[in-house]
Amino acid sequence: MQTSPSEKFFKSDKSTKELVLRLGQSEYEDINVLISNADPNSRFPQLNPFTLQSFIKDKINRHTSIQNMKFTREGKIILTTQDPECAAQLLNLEKVVNIPVSTNVIWENITSRFLLYDIPTTVSLPEVAAELSKNNEIEIVDIRRFVKQTIPEKHQLFWLPCLELACLGI
Numbered sequence: 001m002q003t004s005p006s007e008k009f010f011k012s013d014k015s016t017k018e019l020v021l022r023l024g025q026s027e028y029e030d031i032n033v034l035i036s037n038a039d040p041n042s043r044f045p046q047l048n049p050f051t052l053q054s055f056i057k058d059k060i061n062r063h064t065s066i067q068n069m070k071f072t073r074e075g076k077i078i079l080t081t082q083d084p085e086c087a088a089q090l091l092n093l094e095k096v097v098n099i100p101v102s103t104n105v106i107w108e109n110i111t112s113r114f115l116l117y118d119i120p121t122t123v124s125l126p127e128v129a130a131e132l133s134k135n136n137e138i139e140i141v142d143i144r145r146f147v148k149q150t151i152p153e154k155h156q157l158f159w160l161p162c163l164e165l166a167c168l169g170i
């Protein structure tokens with residue numbers, strides 16, 4: 001993936017499914033898979049939970065490892081599991097009860113987030129990701145570059161370049 005040094009975001013070249021399957025090698029609590037309507041302007045219709053449960057039983061081999069299923073206020077469905085293979089199968093869903101859907105993972109509980117300060121803006125984000133992955137045995141999920149405004153003791157304003165990283169331990 002080619003990016004210029006001025007880009008603000010970097011996302012891993014690996015697919016979400018591949019990153020989720022790598023979770024089997026590390027410790028985590030839950031994997032939350034978010035299912036939403038493929039049309040971003042439409043909400044997912046409120047389905048009978050038993051209809052949804054029977055659909056998932058038919059489509060997902062490892063459905064017994066799904067611990068929780070809930071509808072959100074935004075019209076999406078969150079399914080919680082501890083099994084990376086079940087999560088990968090959920091990510092493969094293209095239709096749920098004949099409704100086209102998009103799937104994604106909520107990374108908050110399974111990645112580590114941290115900030116790095118004083119990384120020169122001339123260093124590209126793929127370079128930072130490659131170096132951190134190689135030296136620390138982690139998989140970088142995404143990086144965001146931003147500039148933080150700080151006020152030191154003398155009340156002079158200056159800007160501090162920062163990177164926010166989300167990574168998986170391998």
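For the sequence shown, UniProt numbering assigns the number 1 to the initial residue and increments by one for each residue that follows.
C-beta: ideal position from N, C-alpha, C; glycine also.
Taken through DSSP and simplified to helix, strand or coil, F44 comes out as coil. Shown here, K95 sits in a strand according to DSSP, grouped into three states.
Excluding residues up to 5 positions away in sequence, F71 lie with their Cβ nearer than 7 Å to the Cβ of Q46 in the same chain.
V33: member of the beta strand (DSSP E) spanning I31 to N37, first to last residue. Exposed is the label assigned to L115, since fewer than 16 other Cβ atoms lie within 10 Å of its Cβ. Contact check for C167 and V141: beta-carbon distance about 6 Å, within the 8 Å limit, so the pair qualifies.
In the displayed model, E127 falls within a helix according to three-state DSSP.
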